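What the sequence shown shows, in the working numbering, is residues 418 to 551, in sequence order.
Beta carbons are placed, not taken as given, at the ideal position from N, Cα and C, and that holds for glycine.
Small disclaimer: the values here were computed from a predicted structure and weren't measured.
See below for the structure under consideration.
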Amino acid sequence: GRPMPNISISHRDGQAIAVATPTGRAGIDMECIETRAASFAETWFRPSEREHCQGDARRESKVWAVKEAVLKVLGTGMRLDPRDVEVLSMNDSQVNVRLWGSARARHAALGGGEIKIDLEDEQTMVIAVAWMAS
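See below:
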């Protein structure tokens, strides 16, 4: 008779991670820190994000993990355009984002609850967890 928790998973290179919450929504992503082709950021990042990253592999991996975690918390994953999630600022553990277009519309359809994002830097990989109140 209890509601099922909201669960999100991510896996990469033989490793997996999951997060569950009994209320609200959660999205998680884990990314290896790796150098990507310049076309990756040109395709998937907004100009402000490209300027912030300046081709730095660690920053690009963090931005990408945040985008994926937010898309998961919205319940869509990559069905929405990752450019509709803009990373405005990142510090050691907290991130601020702005939603655009279809991501903004989906957020509103879910009730528009606050999205909080935690970011963890684990030397060779980064983990982003997005939480949204229901």
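From the DSSP output, which residues share a beta bridge with residue i?
{"i": "Asp-535", "result": "Gln-511 and Val-546"}
{"i": "Gln-432", "result": "Arg-429"}
{"i": "Thr-438", "result": "Asn-423"}
{"i": "Met-447", "result": "Ile-544"}
{"i": "Ser-506", "result": "Asn-513"}
Could you tell me if residue i is buried or exposed, where buried requires 16 or more neighbouring beta carbons within 10 angstroms of its beta carbon?
{"i": "Ala-433", "result": "exposed"}
{"i": "Pro-422", "result": "exposed"}
{"i": "Ala-482", "result": "buried"}
Rounded to whole angstroms, how far is the Cβ of residue i from the Cβ of residue j, which I believe are closer than 8 Å?
{"i": "Arg-617", "j": "Val-490", "result": "The displayed coordinates of the chain run from 418 to 551. Any statement about residue 617 would go beyond what the structure contains."}
{"i": "Glu-451", "j": "Ser-478", "result": "7 Å"}
{"i": "Ser-551", "j": "Asp-535", "result": "Incorrect: roughly 18 Å between the Cβ atoms, too far for contact."}
For residue i, which of the options has the nearest alpha-carbon?
{"i": "Arg-463", "options": "Gly-444, Gly-492 and Asp-501", "result": "Asp-501"}
{"i": "Ser-425", "options": "Arg-419, Val-436, Gly-431 and Gly-418", "result": "Val-436"}
{"i": "Thr-493", "options": "Ala-522, Asp-473, Gly-472 and Ala-474", "result": "Ala-522"}
{"i": "Leu-497", "options": "Ala-486, Leu-505 and Met-507", "result": "Ala-486"}
Leaving out the 5 sequence neighbours to the left and right, which residues in its chain are closer than 8 Å to residue i when beta-carbon positions are compared?
{"i": "Glu-503", "result": "Arg-463, Ser-465, Glu-466, Val-514, Arg-515, Leu-516 and Trp-517"}
{"i": "Glu-468", "result": "none"}
Near residue i, which residues of its chain fall below 6 Å by C-beta distance, leaving aside the five closest residues on each side in sequence?
{"i": "Ser-370", "result": "It is not possible to answer for residue 370, since the shown part of the chain is limited to 418 through 551."}
Leaving out the 5 sequence neighbours to the left and right, which residues in its chain are closer than 7 Å to residue i when beta-carbon positions are compared?
{"i": "Arg-475", "result": "Ile-450"}
{"i": "Met-507", "result": "Lys-479 and Leu-536"}
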